[in-house]
Amino acid sequence: MNADDYIQEAYKAIFHNDFERAVYWFETAIAEEPNNPEIHYRCSITYARNGKLDQAFVHANKAAEMAPGHIEYLIHINRLQSKKLTALSRVLIESGNADPKKNYDKALEQLKQAITLDPLYTEAYVWLAVAYAEMNEYILAIAVLKEAIAMEPQNEQLTDLLHDFNKRMRIYFQKPST
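First residue of the sequence shown? That's 894 in this note's numbering, and the numbers climb one at a time after it.
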């Protein structure tokens, strides 16, 4: 078998939602053609689908190094970085750290950067909205969440979250100030 055959096997595995097997076949194709940036790129995408961002970065960076002018590879690296920043921010938001404001400030910074890197990554918008809501910045939370809903209008979870934020905002503003 040659690299093209291994790639075909990888696509068959993807078709059957067996991404671990697909990674195996892409890695086998890379062993056959280690200087082929397209194989590294496709392997990176498959690693990312598996949630293995570190390995995805390795192959994405190799592809970009081998073909520095290839914009698609650079866009992919931005997407991976956006996912990584969003995941890190999620940990900050969900942690019960003694200094939540510091966590939220860091999360806000990272999530804004994630959105800059990949403006179509809905999850970054959602977590940015959650961070704002946790800081009682409901107007900002709702505005950001509406951007996510515009990208995924059929996503009922986002609509439910919007209703929740509106409800929390009404309660928050009805509380007497101390």
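All C-beta atoms in this analysis are idealised placements derived from N, C-alpha and C, irrespective of residue type, glycine included.
Contacts around residue i, its chain only, beta-carbon distance under 6 Å, and the 5 residues preceding and following it disregarded
i	result
K955	H933
A1007	S975, L978, T979 and A1017
H963	none
Exposure label - residue i; buried when at least 16 CB within 10 Å
i	result
Q861	Summary: the structure shown does not reach residue 861, with the chain confined to residues 894 through 1071, and so no result is reported for it.
R1063	exposed
Q1003	buried
I1042	buried
A924	exposed
P1012	exposed
I907	buried
Own chain residues within Cβ distance below 8 Å of residue i, not counting five before or after
i	result
I986	N996, Y997, A1000, W1020, V1023, A1024 and E1027
I938	A949 and H969
Q920	The sequence shown places Glu at residue 920, not Gln. Contacts found: C936.
L1038	Y1018, V1019, A1022, L1051, L1054, L1055 and F1058
Cβ shell of residue i (< 7 Å), same chain only, five flanking positions each side left out
i	result
Q913	In the sequence on display, residue 913 carries Glu and not Gln. For E913, where only same-chain residues beyond five positions count, the Cβ hits under 7 Å are N943.
T1034	One point to set straight first is that residue 1034 is Ala, not Thr, in the sequence displayed. Taken in chain order, the residues that qualify are A1022, Y1025, A1026 and F1058.
Selected residue, minimal CA-CA separation from residue i, among the options
i	options	result
A915	N928, N929, I900 and P927	I900
R935	Y1014, Y904 and F1058	Y904
Any non-hydrogen atom of the ligand COA within 7 Å of residue i CB
i	result
P930	This structure lacks the ligand COA; in fact it carries no ligand of any kind.
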